[in-house]
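Read through the structure below, which is laid out as structure tokens, and then see the notes.
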Amino acid sequence: MLYHLLYPLSQEFSAFNIFRYITFRSIVSFLIAAMVSIVWGKAFIEWMKLKQFGQVIRDDGPESHFKKAGTPTMGGVFIIGSVLFSLLLCGNFLSSPLLSCLFVTLSYFVLGFVDDYLKVLKNNSKGVSAKGKLAWQFITASVVVYLLVENGIIDTKLYTPFFKEAVLDLSWFYIPFAAVVIVGSSNAVNLTDGLDGLAIGPIVTSAATLGLLTYVAGHTEMANYLYIPYVENIGELTVLSMAIIGAGVGFLWYNSYPAQIFMGDAGSLSLGGALGTIAVLSKNELLFVLIGGVFVIEALSVIIQVTSYKIRKKRVFKMAPIHHHFELKGWPEPKVIVRFWIISILFALISIATLKMR
Ligand code: 57M
């Protein structure tokens, strides 16, 4: 709103011209989201404690997790709330990429919220069925990608990170492909969210990388120079990425070990969906495998474990997802978390370096 209200005044007061700049609005967006998230987070945790709405801990998990029973969850409510609040002030809502990304994020937030609500408030450990969740996720993602392609906002080409010549046009097959990227991202972030701060760290590093990539993709000269497909109005996703980083850092304030709150499915499904959609909109579908490398490793560990158990009746890891494997090997929880953060920073830096390797 600030953007829509103040920028038109720039004709009379040139100082308001500053609202035109993505860089300025991105920094303000980060600061607002971080502050709001810290303030709302405190109130939200107190309210959840008062109502005694806490996490139910499964008894087949690592023993070190039993003491976490009763920790408030659904922190996604104030993370997404802070992102929205910040965007209402700093975002340009005439941008189709921003609106599409917000639609996916909010749709997955509602799904996660209903799931958390059933689990925590109704004490029903199953929540929404796995099939129901996947159906909702795929329908949302497919509709959004279809509209983006149909309206010419994105093309159906697949660009490879290291080779500027290697471009493959997937035609209509692009729609299910991009939907898999978005749904896969949402679920991989959800699987990663099993230790204090483990998911939010790589969410922040991935959002920072995608924020940089969307900034470049929305700038004609930079995009041409770096052989990156130019996407109109995609710079607004830099503002969104910075809001996610801000709200994420605010959440980490409380979610860092020992966590005072978990993000719940309301947070993990929606933030994973947001990252996947930004990757699709900025045409970084393949590079996203590297950017979100930690999420990919976590998801792969589950696929390997389940396949191995089905075929050989033997486990590859002590327990999947892989963070449980290291916990059961005796690594203290903070060590697993910080090492995974380090890996996610390395993935982010390698991904950014590919910009100059095309
Ligand atoms: C979410 N949820 C956490 C919290 C968080 C197919 C299978 C691999 C699925 C997987 C699964 O269900 N994953 C989805 C994992 C849970 O956290 C809640 O869930 C939200 C995210 N959706 O925000 O609300 C627990 O994680 C811990 N936690 C923290 N700090 C945090 O900041 O400590 C979460 C956030 C919390 C808390 O203890 O209660 C979870 O792990 O349940 N299933 C599993 O991950 C299970 N793995 C498994 O069954 N492995 C098998 C096969 C099927 C691969 C095997 O290896 O043989 C494990 N999870 C648990 N117990 N809890 C193992 C058993």
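Just remember that this note's numbering sits 227 ahead of the position in the sequence shown, which is counted from 1.
Positions of the beta carbon are idealized from the N, C-alpha and C atoms, including for glycine.
Being a predicted model, the structure only gives us computed values, none of them experimental.
Q | For Pro299, three-class secondary structure by DSSP | A | strand
(Q) Between which residues of its own chain and Thr387 is the CB-CB distance below 7 Å, once the five residues before and five after are set aside? (A) Ala393 and Leu513
Q) What residues are listed by DSSP as bridge partners for Gly281? A) Pro299
**Q.** Endpoints, beta strand (DSSP E) assigned at Lys384
**A.** Lys384 to Tyr386
**Q.** Segments assigned beta strand (DSSP E), at least 3 residues, entirely inside the segment 487-561
**A.** none
(Q) One question on the structure: do Ser253 and Val476 come within less than 8 Å of each other, judged by their Cβ atoms? (A) no
Q: Take Ala260 as the anchor and find which of Glu463, Ser313 and Phe320 has the nearest alpha-carbon.
A: Ser313
Q) Would the C-beta of Asn350 count as close to ligand 1, meaning under 7 Å from any of its heavy atoms? A) no
Q. Hey, is Arg542 close to ligand 1, as in C-beta under 7 Å from one of its heavy atoms?
A. yes
Q: Locate the beta strand (DSSP E) running through Asp396, then write down its first and last residues.
A: Val394 to Asp396
**Q.** Cβ separation of Leu345 and Val416, assumed to be a contact under 8 Å, to the nearest whole Å
**A.** At roughly 20 Å, the Cβ-Cβ gap does not stay under 8 Å, so Leu345 and Val416 are not in contact.
Q.
What does the alpha-carbon distance come out to for the pair Ile178 and Phe574?
A. The shown model of the chain, from 228 to 585, leaves out residue 178, and the question about it has no answer.
(Q) Between Ile455, Gln364 and Ala434, which has its C-alpha nearest Val410's C-alpha? (A) Gln364
Q: Measure the C-alpha to C-alpha separation of Ile505 and Leu315 and round it to an integer number of angstroms.
A: 18 Å
Q | Straight-line gap, Ile307 to Asp492 (C-alpha atoms, nearest Å) | A | 12 Å
Q.
On the CB-based measure, 16 or more other CB atoms within 10 Å of its CB, does Trp267 come out buried or exposed?
A. buried
Q) In chain order, what residues of the same chain lie with their CB nearer than 7 Å to the CB of Cys328, ignoring the 5 residues before and after it? A) Leu464, Leu467, Ala501, Thr504, Ile505 and Leu508
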